[in-house]
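> Would you mind keeping the following structure in view while I ask a few things?
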Amino acid sequence: MSHTFDRILFGLFIFWYINGVILLTFDILPPALEWANAVFLILSGTLGVVYFIRNYGAALGSVISAAIFLITLLVEGAGVHYGLFFGHYYYNPDFGLVVFDLPLTIGFAWLMVIATTHGISKQLTKVISNTWIRGLTYVVAGSIFAVVIDLIIDPVAFHIKEYWIWDQGGLYYDIPFSNFAGWFWLAFLLHAIIYLLLSYKKVYHIDQSPYWKIRMVWLFGLMIFMFMVIAATEQLWLAIIVTAIPAIIILWSYLLSLQKEEGESR
Numbered sequence: 499m500s501h502t503f504d505r506i507l508f509g510l511f512i513f514w515y516i517n518g519v520i521l522l523t524f525d526i527l528p529p530a531l532e533w534a535n536a537v538f539l540i541l542s543g544t545l546g547v548v549y550f551i552r553n554y555g556a557a558l559g560s561v562i563s564a565a566i567f568l569i570t571l572l573v574e575g576a577g578v579h580y581g582l583f584f585g586h587y588y589y590n591p592d593f594g595l596v597v598f599d600l601p602l603t604i605g606f607a608w609l610m611v612i613a614t615t616h617g618i619s620k621q622l623t624k625v626i627s628n629t630w631i632r633g634l635t636y637v638v639a640g641s642i643f644a645v646v647i648d649l650i651i652d653p654v655a656f657h658i659k660e661y662w663i664w665d666q667g668g669l670y671y672d673i674p675f676s677n678f679a680g681w682f683w684l685a686f687l688l689h690a691i692i693y694l695l696l697s698y699k700k701v702y703h704i705d706q707s708p709y710w711k712i713r714m715v716w717l718f719g720l721m722i723f724m725f726m727v728i729a730a731t732e733q734l735w736l737a738i739i740v741t742a743i744p745a746i747i748i749l750w751s752y753l754l755s756l757q758k759e760e761g762e763s764r
């Protein structure tokens with residue numbers, strides 16, 4: 499059962515999402531509304547926070563959310579100032595409050611990425627009985643799914659919107675390979691922390707909120723779709739193809755796993 503707050507929050511996100519797709523796709527977002535980018539990131543990250551809290555309780559969900567937010571800001575800060583993990587890059591000022599050249603909204607963006615990939619990877623690995631094999635599979639799968647999201651986010655954010663700028667190039671849209679490696683290993687660390695916490699609390703198999711469980715999958719698909727639409731306006735066909743193929747496989751696998759689980763429960 500969903501709370502009224504949850505329905506209002508998700509409805510607000512969908513409203514913001516639809517307007518964002520239209521304004522960003524046709525590049526008609528007026529300069530006076532650039533702050534809307536920050537609100538969108540905060541909303542998407544807040545969905546992830548509510549998902550963790552509703553699914554695992556206020557205490558554990560808050561700990562997981564805080565860990566994701568703080569760790570990603572620390573790692574992103576090291577990337578911006580020292581070129582570690584992702585390569586040398588810097589952000590433009592369109593992401594809201596900036597502290598030490600780092601927009602705090604990036605922490606919310608990572609909350610969205612980890613919450614969505616957690617939900618999908620967890621569903622796909624629950625059938626594995628061995629704790630360690632299940633954990634490793636969950637962590638690796640979740641990390642790969644995070645990179646799939648970045649395969650479309652980075653080309654759009656860098657080439658089309660210039661939300662951040664790279665100081666060095668790479669084979670894939672001039673994005674350094676270290677960026678995708680950084681995404682994988684940061685997601686690996688975060689998913690490993692989540693798995694250890696959930697296993698310690700013996701709640702890995704629990705899904706207390708069916709409402710948010712499925713909406714994390716929607717959020718995964720919606721974010722990828724939005725960036726694919728924007729990519730199409732600039733004919734970034736390679737980014738669309740290399741993202742669409744694994745994304746379809748991931749979502750289809752999730753659907754099959756869910757159907758199998760529901761069939762066995764009857």
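Read in order, the letters of the sequence shown are residues 499 to 764 in the working numbering.
From the three backbone atoms N, C-alpha and C, an ideal C-beta is built for every residue, glycine too.
My understanding is that D665 touches Y587, with C-beta atoms under 8 Å, so please give their C-beta distance in whole angstroms.
Residue 665 sits at position 167 when you count from the first residue of the sequence shown. Residue 587 sits at position 89 when you count from the first residue of the sequence shown. Their Cβ separation, rounded to whole angstroms, is 6 Å, which keeps D665 and Y587 in contact under 8 Å.
> Pull up the distance between the alpha-carbon of A655 and that of L507, whole angstroms please.
Stepping through the sequence shown from its first residue, residue 655 is reached at position 157. Stepping through the sequence shown from its first residue, residue 507 is reached at position 9. Distance between the alpha carbons of A655 and L507: 25 Å.
> From G543, L572, I743, pick the residue whose C-alpha is nearest to that of W608; which is it?
As a first step, residue 608 is located in the sequence shown; it is residue number 110 there, counting from the start. Measuring from the Cα of W608, the nearest candidate turns out to be G543.
> Spatial neighbours of W514 within its chain, please: C-beta separation below 8 Å, excluding the five flanking residues on both sides.
On the sequence shown, residue 514 is found 16 positions in, with the first residue counted as 1. Correct list, in chain order: A534, V537, F538, L541.
> Could you pull the DSSP bridge partners for P601 from this structure?
As a working mapping, residue 601 is identified with position 103 in the sequence shown. Answer is V596.
> Pull up the distance between the alpha-carbon of G559 and that of I566, whole angstroms please.
Along the sequence shown, one-based indexing puts residue 559 at 61. Along the sequence shown, one-based indexing puts residue 566 at 68. About 11 Å.
> Could you tell me which of I738, G605, P653 sits nearest to V547, measuring between CA atoms?
For this step, residue 547 is matched to residue 49 along the sequence shown. That would be G605, whose Cα lies nearest to the Cα of V547.
> What does Y670 pair with, by DSSP beta-bridge criteria?
Stepping through the sequence shown from its first residue, residue 670 is reached at position 172. Paired residue(s): I673.
> Just to confirm my understanding: we take W683, look at its own chain, exclude 5 residues before and 5 after, and list those with CB closer than 8 Å. What are they?
Translated into the one-based positions of the sequence shown, residue 683 becomes position 185. Around W683: F583, S641.
> For the region 641-719, list the alpha helix (DSSP H) runs that are entirely contained and at least 4 residues long, ordered along the chain.
675-698
> Would you check if the distance between the CB atom of Q621 and the CB atom of L756 is smaller than 8 Å?
One-based indexing of the sequence shown puts residue 621 at position 123. One-based indexing of the sequence shown puts residue 756 at position 258. For Q621 and L756, yes; Cβs fall inside 8 Å.
> Smallest Cα separation from Y450: which of G509, Y554, F511?
For the chain, the structure presents residues 499 to 764; residue 450 sits outside this window and is missing.
> L572: buried (16+ other C-beta within 10 angstroms of its C-beta) or exposed?
Here residue 572 refers to the residue found at position 74 when the sequence shown is read from its first residue. Burial call: exposed.
> Of the choices T731, K700, G577, S697, whose alpha-carbon is the least far from that of F524?
As a first step, residue 524 is located in the sequence shown; it is residue number 26 there, counting from the start. The option with the nearest alpha carbon to F524 is T731.
> How long is the line joining the alpha carbons of N590 and E760, rounded to whole angstroms?
Position 92 of the sequence shown, counted from the start, is the residue given in the question as residue 590. Position 262 of the sequence shown, counted from the start, is the residue given in the question as residue 760. Their backbone Cα atoms lie some 46 Å apart in a straight line.
> From I612, G667, L688, pick the residue whose C-alpha is nearest to that of V646; which is it?
Residue numbering aside, residue 646 sits at position 148 when the sequence shown is read from its first letter. Out of I612, G667, L688, I612 has the C-alpha closest to the C-alpha of V646.
> Do Y671 and P653 come within 8 Å of each other at the CB atom, strictly closer than that value?
By one-based count along the sequence shown, residue 653 stands at place 155. By one-based count along the sequence shown, residue 671 stands at place 173. For P653 and Y671, yes; Cβs fall inside 8 Å.
> Measuring alpha carbon to alpha carbon, tell me which of L736, I728, L720 ends up nearest K749.
Within the sequence shown, residue 749 is the residue found at index 251, counting from 1. Checking the sequence shown, residue 749 turns out to be Leu, not Lys. Minimum Cα-Cα distance from L749 among the listed residues L736, I728, L720 corresponds to L720.
> I'd like the list of long-range same chain contacts for Y549, defined as Cβ closer than 6 Å, with 5 residues on each side in sequence excluded.
Mapped onto the sequence shown, residue 549 falls at position 51. Within the same chain, Y549 has close Cβ partners A613, W710, M714.
> Determine the contact status of Y752 and I658, defining contact as a CB-CB distance below 8 Å.
Here residue 752 refers to the residue found at position 254 of the sequence shown. Here residue 658 refers to the residue found at position 160 of the sequence shown. Y752 is not a Cβ neighbour of I658, given a cutoff of 8 Å.
> Check whether the Cβ atoms of I728 and L527 sit closer than 8 Å, and answer yes or no.
The residue given as residue 728 occupies position 230 in the sequence shown. The residue given as residue 527 occupies position 29 in the sequence shown. Cβ atoms of I728 and L527: not closer than 8 Å.
> Thinking M724 and I738 are a contact (beta carbons under 8 Å), I'd like their distance in whole angstroms, please.
For this step, residue 724 is matched to residue 226 along the sequence shown. For this step, residue 738 is matched to residue 240 along the sequence shown. Going by Cβ atoms, the distance from M724 to I738 rounds to 12 Å, so no, they are not a contact pair.
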